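Peer 1: Dropping the structure in here first, questions after.
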Amino acid sequence: TVPGELKWAASPSEGGWEEVSIMDEKNIPIRTYQVCNVLEPNQNNWLRTDWIPRSGAQRVYVEVKFTLRDCNSLPGVTGTCKETFNLYYHESNEDRESYIKESSFIKVDTVAADESFTQVDVGDRIMKLNTEVRDVKVTTRKGFYLAFQDVGACIALVSVRVFYKTCPLTIRNLATFPDTITGADTSSLVEVRGSCVNQSEEREEPKMYCGADGEWLVPIGGCFCSPGYEEKGGACKACSAGFYKAKSSDAGCFKCPPHSHSVRDGATVCDCHSGFFRADSDPPSMACTQPPSAPQQLISVVNETSVVLEWAPPRRLGGRSDTNYPRMGSGSISSSQLCLPCGSDVLFSPGQTGLKTSRVVVSELRAHTHYTFIVHARNGVSQASGAGAAQSVSVSVTTNQAAPSPVSSILAIDVTRHSLSLSWQQPDRPNGVILEYEVKFYEKDQKERSYRIMRTFSRSVDVTGLNPLTVYVFHVRARTAAGYGEFSAPFEFSTNSGIHAVKFKIIARMLSLVFFICVLNLHHLCLIRRSKYSKTKQDSEEEKHLNPGVKIYVDPFTYEDPDQAIHEFAKEIDVSSIHIEKVIGMGEFGEVCSGRLRVQGKREIYVAIKSLKAGYSDKQRRDFLSEASIMGQFDHPNIIRLEGVVTRCKPLMIITEYMENGSLDAFLRKHDGQFTVIQLVGMLRGIASGMKYLSDMSYVHRDLAARNILVNSNLVCKVSDFGLSRVLEDDPEAAYTTRVRRKIPIRWTAPEAITYRKFTTASDVWSYGIVMWEVVSYGERPYWDMNNQDVIKAIEEGYRLPAPMDCPVVLHQLMLDCWERERAERPTFSQILNMLDKLIRNPGTLKTTPEERPAEMLLV
1 TVPGELKWAA SPSEGGWEEV SIMDEKNIPI RTYQVCNVLE PNQNNWLRTD
51 WIPRSGAQRV YVEVKFTLRD CNSLPGVTGT CKETFNLYYH ESNEDRESYI
101 KESSFIKVDT VAADESFTQV DVGDRIMKLN TEVRDVKVTT RKGFYLAFQD
151 VGACIALVSV RVFYKTCPLT IRNLATFPDT ITGADTSSLV EVRGSCVNQS
201 EEREEPKMYC GADGEWLVPI GGCFCSPGYE EKGGACKACS AGFYKAKSSD
251 AGCFKCPPHS HSVRDGATVC DCHSGFFRAD SDPPSMACTQ PPSAPQQLIS
301 VVNETSVVLE WAPPRRLGGR SDTNYPRMGS GSISSSQLCL PCGSDVLFSP
351 GQTGLKTSRV VVSELRAHTH YTFIVHARNG VSQASGAGAA QSVSVSVTTN
401 QAAPSPVSSI LAIDVTRHSL SLSWQQPDRP NGVILEYEVK FYEKDQKERS
451 YRIMRTFSRS VDVTGLNPLT VYVFHVRART AAGYGEFSAP FEFSTNSGIH
501 AVKFKIIARM LSLVFFICVL NLHHLCLIRR SKYSKTKQDS EEEKHLNPGV
551 KIYVDPFTYE DPDQAIHEFA KEIDVSSIHI EKVIGMGEFG EVCSGRLRVQ
601 GKREIYVAIK SLKAGYSDKQ RRDFLSEASI MGQFDHPNII RLEGVVTRCK
651 PLMIITEYME NGSLDAFLRK HDGQFTVIQL VGMLRGIASG MKYLSDMSYV
701 HRDLAARNIL VNSNLVCKVS DFGLSRVLED DPEAAYTTRV RRKIPIRWTA
751 PEAITYRKFT TASDVWSYGI VMWEVVSYGE RPYWDMNNQD VIKAIEEGYR
801 LPAPMDCPVV LHQLMLDCWE RERAERPTFS QILNMLDKLI RNPGTLKTTP
851 EERPAEMLLV
């Protein structure tokens with residue numbers, strides 16, 4: 001494109017390359033550089049371009065168009081004529097090279113012609129033009145020179161074009177990728193991060209790779225149009241009036257649902273028509289609705305001091321299915337005709353508030369009392385409309401006569417050897433005039449097998465003809481015109497002793513002393529077995545005091561910001577380091593996959609990947625990350641290892657080591673009877689080691705079971721499942737809901753944890769005993785087909801699981817020790833670990849079955 005002379009540097013300056021204008025085949029003048037010193041040997045003619053700025057290119061391409069004379073058409077040039085030339089380059093930061101320094105140039109290639117011409121060809125105006133392209137890697141300087149070396153050819157350079165390749169600006173998946181220069185190597189890929197187009201937001205980090213040929217490869221990730229916008233022609237356009245888009249992940253704009261409208265473009269939600277409403281929990285796709293009308297046909301049935309109320313649903317539900325009856329309003333009319341609220345002693349079944357059914361039973365009312373009951377109807381938009389309180393219906397009833405309530409307390413005011421004088425207060429709710437009282441009593445040892453009845457018109461009675469020094473149980477009930485009420489709770493009183501009773505006491509104490517000595521001897525034998533536990537327990541307690549630097553577990557829920565806990569205890573992993581291979585299961589929060597993790601500077605490892613499914617709540621996110629915050633504090637070969645977390649992009653992930661053999665219970669059932677006793681004890685030893693580590697950190701697991709133990713390819717067992725919200729089992733009988741509505745696994749849980757929710761390391765020891773039983777029985781279900789209530793009752797009555805088939809007696813005895821009713825009498829995990837180590841060192845002790853036990857072992 002240069003109109004005048006190029007004036008490229010030539011060496012030698014005379015007799016070598018010359019800039020010459022010629023006419024092409026269309027008689028258009030063109031500039032060329034020519035050289036044709038074919039008659040002279042040892043030619044070394046150099047031609048160098050001006051300095052060419054690199055402009056960010058890492059690999060440039062040189063296209064050379066030239067003509068070349070056929071040496072055979074030149075007489076007398078044998079040995080001196082050539083049909084090739086050499087291409088060189090030299091990188092430089094500035095245009096300072098005023099002369100050609102041959103040693104600084106690097107050779108690119110020797111260029112040969114595909115076609116050559118003769119003198120006849122030129123006369124016939126047939127120009128045989130050759131085109132050759134070579135590429136050069138230029139990455140170290142700001143620019144470069146090109147040079148052409150002639151070694152004895154008759155050649156004319158017609159065109160030299162220098163260029164580099166780019167992947168052109170493009171839009172893919174609503175992300176803009178800029179014009180990008182290709183990489184330095186012919187096989188290199190340049191990773192480019194895209195930016196979301198206007199009115200869009202990132203779905204997953206948009207990326208593409210620019211290939212060396214200037215072509216984009218398949219895009220990864222992309223963007224969603226923002227709420228109120230939809231994709232059209234690679235851009236995000238606003239939703240038209242009458243349409244809306246609530247979430248960026250929605251496919252497009254939707255027509256406004258019934259009874260709603262939008263008047264502006266770009267609506268994210270449609271406004272309700274006048275008289276219609278939408279609750280806070282209603283999705284934008286839901287039609288606007290109305291509050292319900294009042295309940296219908298409220299009827300009542302009085303049964304003494306109970307009332308059954310039933311009604312029909314409202315005639316108009318307002319287009320919703322969540323109608324409920326939030327308040328069962330009621331009041332009693334006293335003698336002064338003032339309406340008062342019902343007292344707290346009135347019982348409503350199933351409840352007084354939040355009813356879903358249209359029937360309720362009201363009991364514990366006063367006899368001969370007038371009541372008014374008001375039933376309110378409400379749905380999800382009643383509060384939004386302010387009309388919920390007005391949708392109600394009422395009914396008035398009067399209760400009938402009823403039997404009195406039980407007597408609340410009984411006092412003994414005079415006690416002798418053969419008599420008792422008792423008194424009591426009138427029942428809290430007499431429900432009429434008390435006509436008489438009935439007293440039932442019996443000796444405590446008889447347990448109501450033989451009792452006597454006395455009746456009295458007063459609130460006291462003298463009971464005579466009793467045995468001295470004997471405990472009696474008394475019940476009292478009252479009678480009105482409506483009949484007898486219920487008996488009171490039992491009250492126990494004892495008669496006094498006479499001289500004969502004193503003698504009896506002395507003899508009884510002497511017999512007790514003899515019995516105590518016998519029991520003491522037997523107890524001494526038991527202490528021999530127990531001593532190994534108490535000594536170790538004392539040592540472990542002293543160890544805690546002597547080692548104040550022991551790491552203590554920190555509850556992540558004590559942090560106000562859950563992200564602070566996760567960043568303190570877990571390592572953030574770049575999602576590009578994770579390669580997901582397959583889905584291996586479903587967790588509570590989302591999919592569980594297996595894959596590989598490659599962290600720079602470390603070898604690639606197999607991992608398990610838990611992901612948090614889309615649409616999660618803040619609580620689900622906190623619960624999901626809390627498990628990682630807990631695991632991140634543990635470092636033990638028998639505790640599942642946390643590799644890290646992904647929190648800076650979606651989906652959120654927890655990365656743990658991969659356990660090839662899955663859960664212990666399923667693994668044992670699959671390989672029933674295939675392991676030696678020593679192998680089973682080794683598995684139990686690993687679990688005990690992990691639990692000792694957790695107990696030393698003051699962490700209570702609460703859900704120790706074989707299903708929550710994972711097994712790797714080397715049969716190493718590791719404790720897992722540290723989430724606060726656990727999926728127990730598919731079987732609805734697997735969990736028992738306590739008074740605070742938290743589910744616990746009954747078959748694995750200690751009695752004090754079931755009754756009082758006393759979760760301690762000792763309750764984990766009880767659970768460990770159940771795990772031992774599962775392992776030795778190869779994954780059999782604890783307590784078989786017994787339901788939960790039967791299991792609880794059996795344990796309270798002293799029942800314990802029997803030894804599984806072929807179970808060594810020492811293992812079953814260790815299980816029984818773990819199942820001691822008193823927490824303090826159970827072994828610690830340190831003691832359990834010591835016991836298992838002794839068994840492994842002395843495998844002969846594991847061969848003794850219950851039938852082979854010596855007599856002294858049975859006695860202990």
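When we follow UniProt numbering, the leftmost residue of the sequence shown carries the number 1, and every step to the right adds one. Glycine included, each C-beta is placed from N, C-alpha and C at the ideal position. Values in this document were obtained by computation on a predicted structure and should not be read as measured data.
#1: Once the 5 residues before and after Asp265 are set aside, which same chain residues still bring their CB inside 7 angstroms of it?
#2: Leu157 by DSSP, collapsed to three states: which one?
#3: If distances are taken between C-alpha atoms only, which option among Arg278, Tyr442, Gln34, Ser698 comes closest to residue 862?
#4: Measuring CB to CB, does Ser409 end up less than 8 angstroms from Trp424?
#5: DSSP on Gly16, reduced to helix/strand/coil?
#6: Closer than 6 angstroms by C-beta to Cys253: which residues in its own chain qualify, once you throw out the five before and the five after it? Chain order, please.
#7: Cutting at 8 angstroms between CB atoms, please list the residues of its own chain near Ala508, excluding the five before and the five after it.
#8: Would you mind reading off the limits of the beta strand (DSSP E) that contains Asn303?
#9: Which residue from Cys593, Trp766, Ile709 puts its Cα closest to that of Arg826?
#10: Using C-beta distances below 6 angstroms, list every residue in its chain close to Cys154, excluding the 5 sequence neighbours before and after it, in chain order.
#11: Shortest alpha-carbon distance to Gly682 belongs to which of Ser663, Lys650, Val716?
#12: Check whether the Cβ atoms of Val381 and Leu298 sit closer than 8 angstroms, and answer yes or no.
#13: In this structure, does DSSP put Lys177 in helix, strand or coil?
#14: Rounding to the nearest angstrom, what Cα-Cα distance links Arg747 and Ile654 in this structure?
#15: Just how far apart, CA to CA, sit Leu365 and Ser306?
#16: Is Gln34 helix, strand or coil by DSSP?
#17: From Gly601 to Ser576, what distance separates their C-alpha atoms?
#18: Please name the residue, chosen from Gly16, Pro75, Lys165, Leu422, that lies closest to Gly152 on a Cα-to-Cα basis.
#19: Applying the criterion that 16 or more other CB atoms from any shown protein chain within 10 Å of the CB defines a buried residue, is Met23 buried or exposed?
#20: Using a Cβ-Cβ cut-off of 7 angstroms (strictly less than) and excluding sequence neighbours within five positions of Leu816, which residues of its own chain qualify?
#21: Using alpha carbons as the reference points, say which of Asp185, Gly183, Glu215, Phe177 lies closest to Val197.
#22: Quick one: measure Cβ to Cβ for Phe722 and Glu660, integer angstroms, because I've assumed they're closer than 8 angstroms.
#23: Taking 7 angstroms as the limit between beta carbons, can you name the residues of its chain near Arg669, skipping five residues before and five after?
#24: To which residues of the same chain is His273 closer than 8 angstroms at the C-beta, ignoring the five residues directly before and after it?
#25: Would you call Leu169 buried or exposed, if buried means 16 or more other Cβ atoms sit within 10 Å of its Cβ?
#26: Identify every residue that forms a DSSP beta bridge with His261.
#27: Assuming Pro292 and Gln391 form a contact by the criterion Cβ under 8 angstroms, report the distance between their Cβ atoms to the nearest whole angstrom.
#28: Under 8 angstroms, do Gly590 and Ile578 count as touching if we go by C-beta distance?
#29: Under a three-way DSSP split, which group does Ile795 fall into?
#30: Counting contacts by CB-CB distance shorter than 8 angstroms, is Leu146 in contact with chain B?
#31: On a Cα-Cα basis, can you pick out the residue from Arg141, Tyr693, Cys225 that is closest to Leu174?
#32: If contacts are defined as beta-carbon pairs under 8 angstroms, then Ile609 and Ile580 qualify, I think. What distance do you get, rounded to the angstrom?
#33: Starting from the Cα of Ser281, find the closest Cα among Ala251, Arg320, Glu310, Ala294 and give me that residue.
#34: Fully enclosed by the stretch 604-636, which alpha helix (DSSP H) runs are 4 residues long or longer?
#35: Do you know offhand how far Pro427's Cα is from Ser458's?
#36: Pick helix, strand or coil for Ala10, following the three-state DSSP scheme.
Peer 2: Walking through what the data contain:
#1: Here residue 265 refers to the residue found at position 265 of the sequence shown. The residues are Ala238, Cys239, Ser240, Ala241.
#2: As a first step, residue 157 is located in the sequence shown; it is residue number 157 there, counting from the start. Three-state result, Leu157: strand.
#3: Lying before the first or after the last residue shown, residue 862 is absent from the chain, which here runs from 1 to 860.
#4: Within the sequence shown, numbered from 1, the residue matching residue 409 stands at position 409. Within the sequence shown, numbered from 1, the residue matching residue 424 stands at position 424. Yes.
#5: As a working mapping, residue 16 is identified with position 16 in the sequence shown. In the structure shown, Gly16 sits in coil (DSSP, three-state: anything other than H, G, I, E or B).
#6: Looking up residue 253 in the sequence shown gives position 253. Taking Cys253 as the centre and dropping the five residues before and after it, the same chain places the C-beta of Glu230, Cys239, Phe243, Lys245 closer than 6 angstroms to its C-beta, in chain order.
#7: Taking the sequence shown and counting its residues from 1, the one referred to as residue 508 is at position 508. In this prediction, Ala508 scores a pLDDT of 49, lower than 50, which makes its location untrustworthy; no coordinate-derived value is stated.
#8: Mapped onto the sequence shown, residue 303 falls at position 303. Unbroken beta strand (DSSP E) run through Asn303: 296-303.
#9: Position 826 of the sequence shown, counted from the first residue, corresponds to residue 826. It is Trp766 whose Cα lies nearest to the Cα of Arg826.
#10: Taking the first residue of the sequence shown as position 1, residue 154 is located at position 154. Taking C-beta separations shorter than 6 angstroms and ignoring five residues to either side along the sequence, the partners of Cys154 in its chain run Cys36, Val38, Arg69, following chain order.
#11: As a position in the sequence shown, residue 682 is number 682, starting the count at 1. Comparing Cα positions, the closest option is Val716.
#12: Here residue 381 refers to the residue found at position 381 of the sequence shown. Here residue 298 refers to the residue found at position 298 of the sequence shown. With respect to Leu298, Val381 sits apart: the two C-beta atoms are not nearer than 8 angstroms.
#13: What you label residue 177 is simply residue 177 of the sequence shown in a count that begins at 1. The displayed chain sequence assigns Phe, not Lys, to residue 177. The three-state secondary structure of Phe177, taken from DSSP, is strand.
#14: For this step, residue 747 is matched to residue 747 along the sequence shown. For this step, residue 654 is matched to residue 654 along the sequence shown. Computed Cα separation, rounded: 29 angstroms.
#15: Here residue 365 is taken as the residue at index 365 of the sequence shown, counted from 1. Here residue 306 is taken as the residue at index 306 of the sequence shown, counted from 1. Using only the alpha carbons, I get a separation of about 6 angstroms.
#16: Working through the sequence shown from its first residue, we reach residue 34 at position 34. Strand at Gln34.
#17: On the sequence shown, residue 601 is found 601 positions in, with the first residue counted as 1. On the sequence shown, residue 576 is found 576 positions in, with the first residue counted as 1. Looking at the two C-alpha atoms, the distance is approximately 15 angstroms.
#18: By 1-based counting over the sequence shown, the position of residue 152 is 152. Nearest C-alpha to Gly152: Gly16.
#19: As a first step, residue 23 is located in the sequence shown; it is residue number 23 there, counting from the start. Exposed.
#20: By 1-based counting over the sequence shown, the position of residue 816 is 816. Here Leu816 has Arg800 as same chain residues with Cβ atoms under 7 angstroms from its own Cβ, once five neighbours each way along the sequence are excluded.
#21: As a first step, residue 197 must be located in the sequence shown, where it is residue number 197. With distances taken between CA atoms, Val197 lies nearest to Phe177 out of Asp185, Gly183, Glu215, Phe177.
#22: Reading the sequence shown from its first residue, position 722 is the one you call residue 722. Reading the sequence shown from its first residue, position 660 is the one you call residue 660. Not confirmed; about 21 angstroms, so no contact.
#23: Residue 669 sits at position 669 when you count from the first residue of the sequence shown. The residues Tyr778, Gly779, in chain order, have a CB closer than 7 angstroms to that of Arg669 in the same chain once the five nearest residues on each side in sequence are set aside.
#24: What you label residue 273 is simply residue 273 of the sequence shown in a count that begins at 1. Excluding residues within five positions, the ones whose Cβ falls inside 8 angstroms are His259, Ser260, His261, Cys288.
#25: Your numbering for residue 169 matches position 169 in the sequence shown. The C-beta of Leu169 has fewer than 16 other C-beta atoms within 10 Å across all chains shown, which makes the residue exposed.
#26: Taking the first residue of the sequence shown as 1, we reach residue 261 at position 261. Paired residues: Asp271.
#27: Start at 1 with the first residue of the sequence shown, and residue 292 comes out as number 292. Start at 1 with the first residue of the sequence shown, and residue 391 comes out as number 391. Indeed they touch by this definition, with Cβ atoms about 6 angstroms apart.
#28: If you number the sequence shown from 1, residue 590 lands on position 590. If you number the sequence shown from 1, residue 578 lands on position 578. No.
#29: The residue you call residue 795 lines up with position 795 of the sequence shown. Under the three-state reduction of DSSP, Ile795 is assigned to helix.
#30: Among the protein chains of the structure shown there is no chain B, as only one such chain exists.
#31: Within the sequence shown, residue 174 is the residue found at index 174, counting from 1. Closest option to Leu174, Cα to Cα, is Cys225.
#32: Position 609 of the sequence shown holds residue 609. Position 580 of the sequence shown holds residue 580. About 6 angstroms separates the CB atoms of Ile609 and Ile580; that is less than 8 angstroms, so the two are in contact.
#33: Locating residue 281 in the sequence shown gives position 281, where the first residue counts as 1. With distances taken between Cα atoms, Ser281 lies closest to Arg320.
#34: Annotation note: the stretch 604-636 contains the following uninterrupted alpha helix (DSSP H) runs of length 4 or greater, listed N- to C-terminal: 618-631.
#35: As a first step, residue 427 must be located in the sequence shown, where it is residue number 427. As a first step, residue 458 must be located in the sequence shown, where it is residue number 458. Going by the C-alpha atoms only, they are around 13 angstroms apart.
#36: Here the question's residue 10 lines up with position 10 in the sequence shown. Judged by DSSP in its simplified three-state form, Ala10 adopts strand.
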